[in-house]
Each structure stands twice: as structure tokens, then as C-alpha cells.
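Peer 1:
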Amino acid sequence: MNAELMMGVMSLMPPAALWLSGARRAWVGWAIAAVNGLLWLGGLAFVPGAQRLHWAIAGAASLAACLYAGYVVQRNASESARVAEALEKRRRNAAELKKGLEAAKTRSKDVETEQREVQALYGMVKGMAEVMTWDGVRPKLEAAVEQYLRVEEFAVYVVEQKATDAMRLLARRRLSGSPGATWDTLSRWMQEGAVAMTVARVVTKPERAVAVPIFESDKLMGYFYARIPKDADAEAMLTRAQTFVEEISFAFRRIKLFQEVEKFSLVDGLTGAFRRRVLDERLAEEVVRAQTFKTTFCLMLLDIDKFKNLNDTYGHQFGDEVLRRVGEILRGSVYETDFVARYGGEEFAILLPRAEPAGVLRKAEALRKAIETAAFDLAMQRVKVTISLGIAHYPRDGATADAIVRQSDRALYHAKDTGRNRAVDVAEIPRKA
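Each residue of the sequence shown is one higher than the one before, starting from 83 at the first, in the working numbering.
1) What is the C-beta distance between THR377 and ARG436, in whole angstroms, given that I count them as a contact (C-beta under 8 angstroms)?
2) Restricting to runs no shorter than 3 residues, where is the beta strand (DSSP E) found entirely within the region 430 to 507?
3) To the nearest angstrom, how far is the alpha carbon of ILE386 from that of ALA293?
4) Rank SER260, MET303, PRO295 by C-alpha distance to the C-alpha of LYS287 and give the top, closest one.
5) Got a sec? Which residues, its chain only, sit under 7 angstroms from ALA493 by beta carbon, not counting five neighbours each side?
6) Keeping to the same chain, check which residues put their C-beta closer than 8 angstroms to that of ARG464; ignore five residues upstream and five downstream.
7) Please confirm whether GLY401 and ASN391 have their CB atoms less than 7 angstroms apart.
8) Would GLN201 be called buried (16 or more neighbouring beta carbons within 10 Å of its own) or exposed?
9) Suppose you measure from the CA of ARG283 to the CA of LEU320; what does that come to, to the nearest Å?
10) For ASP266, count neighbouring Cβ atoms within 10 angstroms of its own Cβ and tell me buried if that reaches 16, exposed if not.
11) Does the structure place the region 448 to 455 close enough to the region 417 to 429 that three or more beta carbon pairs sit under 8 angstroms?
12) According to DSSP, is ALA176 helix, strand or coil?
13) Alpha carbon to alpha carbon, what distance is there between MET214 and MET263?
14) Name the one or two DSSP bridge partners that TRP410 has.
15) Taking the C-alpha atoms as reference points, what is the distance between ASP499 and LYS466?
16) Looking at VAL233: is its Cβ nearer than 7 angstroms to the Cβ of ALA308?
17) At what residues does the beta strand (DSSP E) containing ALA291 begin and finish?
18) Within this structure, are the beta carbons of PHE249 and VAL238 separated by less than 7 angstroms?
19) State the start and end residues of the unbroken beta strand (DSSP E) segment that holds VAL422.
20) Tell me the rounded alpha-carbon separation between LYS445 and ARG364.
21) State the beta-bridge partners of TYR239 as determined by DSSP.
22) Taking C-beta to C-beta, are ARG513 and SER470 nearer than 7 angstroms?
23) Quick one: what's MET382 bridged to in DSSP?
24) Quick one: measure Cβ to Cβ for LEU412 and SER490, integer angstroms, because I've assumed they're closer than 8 angstroms.
25) Name the residue from TRP216, GLU428, ARG407 whose alpha carbon lies nearest to the alpha carbon of THR455.
26) Could you check what DSSP says for ARG513 in three-state terms: helix, strand or coil?
27) In its own chain, which residues sit with a C-beta less than 6 angstroms from the C-beta of PHE236, not counting the 5 before and 5 after it?
28) Contact defined as beta carbons within less than 8 angstroms: I believe LEU434 pairs with PHE379. What is the distance between those atoms, to the nearest angstrom?
29) Excluding the five sequence neighbours on either side, which residues of its own chain have a C-beta within less than 6 angstroms of the C-beta of ALA314, listed in chain order?
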């Protein structure tokens, strides 16, 4: 082989080593260096003696260049591997950071949801603690179910006052066609399926629902039934429902205790006036007294005008406040010998011994004005409240307690039919021809 040609080939090997090598082909550079070395050593046997020195120098330089090229390629490969590893580590860190951020966002949303639920639960318990009647607790209960449990189809039942195996409906939303729509269908479904009423459970047939008894101190207070939303987890819903009924059970117990105390008390717990049965007893006694001593008395019945509208517009809590204030005003506006009672609902009765018609009319007008001018405030709004009154006298308008009540009631309805916010003596009503 021509020495010049061989030297030319060797001179091309270093750049070839650089060009053909790479991060993943570092061995190519070393292979070219090995070929260069073999070619250099082999050429010494064929090159004429006069050219051997030049050949040795040129071959050594080419070999050194190839070795350096291999070193550079190897170094670059190592650097590339290090950079690639660093980039991969950074990518993994970025992925973990992104995953952590997403988890943090999820936890943040969960915390916000839990906070809203806790606030809803706290507001529910606080709101229920402010009322002492089933009518008053119903709207608060419905709002709490929708906000805390996030269900729109449910029913809540409470144990009847005189029976422990029968329940009456307290609240219901959109349960048409469901076994939980009435207590009759729900109790029959439990009996047919041998379902224990005292155990909370997830229902799967005929629909997905939760059925949870409401206990307070091991005493059954009511029952909660709700359809499970389509995408909701049944077991999670059952857990939340159990937490929910644990909170409302105390409110149920308070209302029942309040009713029991009221039943056996002489005074109405809300208005401070005497109860209806006490009025009946007192009225019978007053008739006997008047007959014995030839005296008179007056019975005044009064009714809060459009009370149902007040309840519907401003809520039962405001309605209870109106009843309380009216009772307070009435009790503070009569003599000690007079007798104020809550006749029923929004009706009151005042028994006035030895009262004359003219004086009673003045007293009735004073009571009417006192209620009309009283301040009934709700938030920033002042609500006007008025009453209508009916008056009857013994023995002028009747010889028995029942007759006096009927005549007083007749006068009351005449006052309401002729415009409300007025007092009417039954003697003023024209007799029908």
C-alpha cells in the first residue's frame, strides 16, 4: 500500500472518530483509535526505511489525535448522561411538584367543603335550639338537610305523642312513589323485608336510600329516610346521615320535653298567659260566683289579624315572637283581678269580673291601640301587628259559660268580617230579621 495514501487515511481517522461517535456510540471513537494503531504499527513493516521516521511521527500524532477524540467523545457522553440524568430528575421533581399541587388543591377543596358542612351543621343546631315547636323547626330542618347532606328527596318522621310505634310526618321533599313517602308505606316495607327499625342501613331495593332511626338517650324520637343521589357513595351518605340525626335528636328531645311540660302546666310557655283548660275551669267558677252573688263578668276574645300571613312571610320564629309580645302586652295591661289566657293558636281570652260594658269597650280599645303601636322589629324592618276583639257579658248575652263563649266568638268574627283591627260588643251586632 502507498505510504502517502496510508498517511492520508490515518489523518482522516481523528475527525472520523469525532463525527461517527456520539453519546450513545462512544465505543466507535475507541474502535477507530484501535484501527489507527494497528494501521500505524502494520505500516512500519511496509514503509521504506527512509520514510519510517516520518511514518512513525505521523502515525503517533494520528493515534494521539484518535485517542484524544475518543476521550472527548467519552467525556461528552458522560456529560450528556449527567445532564440527561439531571433533566430527568428535574422532570420527576416537576411531576411530583405538580402532583403535590393538585393534591393540595384537592385537600383545600375538601377543607373548604368540610368547613361549609361544619358551618351548616353548627347553624342548623343553633337554629333548632331557638324554636320550641314542630312548625318552627320544620323549615330549619329542611334547609339543613339540603345544605349538609346535599339531598333533595327525603322525609323526616317524629314519634307520636301517645304512641311509640306510630310516627307522623314532620317534613318531606319530592318522594313521590317512594316507600319513604308515608309512614304507613315505610313501616310496611320494613315489616315485609324484616328490616329492624332501630338499625341504620343503606337500602338498595326498590331504590337506593338511607334509612336512619333518630335516637336520643336510647329513646326513639323519629326516623329519617332519604334517596341517595345518583353519583353519591352510599356508605359515605349513611355516615353523614347518622351524624346528622345525632345532631337533630337533641332538638327533637327538647321540643318533646317542652310539649310535655306545657301539657301539665297552668301557664302557656310561650306567651306567659294561662292555658285553655285553666280558662275553662275559671270561666265555670265565675258563672257559679256570678249566679251566687248576682254579679256580672265579661269575656273578651281577641285574635291576631292575618297571623298566618305573618308566619308565611316572616317565618315561625317571628310568629312566636309576636305571640310572646302580645301575651306580654295583654298581661301588663289588665288588673290583677282580670284573667288572661291563650285560647288557642293566635287567639287570646280575657276574663274581667264585675266589668261594665262601657268600661270594657274602653279597655278593649286601649288594648287594640297598644298592640297596633307596639314595635315588632325584624332585622331592619318594622312589622305592623293588629288585633280584632269580640266582647260578651254575663248574664246579658248568655246564661252559661258556653253561651258567653259563643257570643264573644260571634262578636270577634264580626270584627274581623267588618275590617279587622277593631273591637265589637256582641250587643252592637244588628239582629237578623
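Ideal Cβ positions, reconstructed from N, Cα and C, are used throughout, including at glycine. A quick note: this is a predicted structure, and the numbers were derived from the prediction, not measured.
Peer 2: Concretely, from the data shown:
1) About 6 angstroms; that satisfies the 8 angstroms criterion.
2) Listed in chain order, the complete beta strand (DSSP E) runs (minimum 3 residues) inside the region 430 to 507 are 458 to 460, 463 to 465, 469 to 476, 505 to 507.
3) So the two alpha carbons sit approximately 41 angstroms from each other.
4) Of SER260, MET303, PRO295, the residue nearest in Cα terms is SER260.
5) For ALA493, where only same-chain residues beyond five positions count, the Cβ hits under 7 angstroms are GLY472, ILE473, ALA474, VAL506, ASP507, VAL508, ILE511.
6) Non-local C-beta neighbours of ARG464 in its own chain, meaning closer than 8 angstroms and more than five positions away in sequence, comprise ALA457, PHE458, ordered along the chain.
7) For GLY401 and ASN391, no; Cβs fall outside 7 angstroms.
8) Exposed, by the Cβ-count rule.
9) So the alpha carbons of these two residues sit roughly 7 angstroms apart.
10) It is exposed - the Cβ of ASP266 has fewer than 16 other Cβ atoms within 10 Å.
11) Cβ pair count under 8 angstroms is below three, so no.
12) DSSP places ALA176 within a helical segment (H, G or I) once states are collapsed to three.
13) Note on residue identity: the sequence assigns Ala, not Met, to residue 263. Approximately 25 angstroms between the Cα atoms of the pair.
14) Looking at the sequence itself, residue 410 is Glu, so the reference to Trp does not match. Looking at the DSSP assignment, GLU410 forms no beta bridge with any residue, so it has no partner.
15) Their backbone Cα atoms lie some 19 angstroms apart in a straight line.
16) Yes, these two residues count as a Cβ contact at 7 angstroms.
17) Secondary structure note for ALA291: its beta strand (DSSP E) is the uninterrupted segment 291 to 298.
18) Here residue 249 turns out to be Met, not Phe, going by the sequence shown. Going by C-beta atoms, MET249 is not nearer than 7 angstroms to VAL238.
19) Segment 421 to 426, the beta strand (DSSP E) holding VAL422.
20) Approximately 21 angstroms between the Cα atoms of the pair.
21) Its beta-bridge partners are LEU251, TYR305.
22) Against a cut-off of 7 angstroms, the Cβ pair of SER470 and ARG513 comes out as no contact.
23) Answer by DSSP bridge pairing, in chain order: ILE432, ILE473.
24) Cβ-Cβ separation between LEU412 and SER490: approximately 15 angstroms, too far for a contact (criterion under 8 angstroms).
25) When only C-alpha atoms are compared, the closest one is ARG407.
26) The answer is coil: DSSP assigns ARG513 none of H, G, I, E or B.
27) Result list for PHE236: VAL227, ARG255, ALA308, in chain order.
28) Contact flag correct, Cβ pair sits at about 6 angstroms.
29) Contacts found: none.
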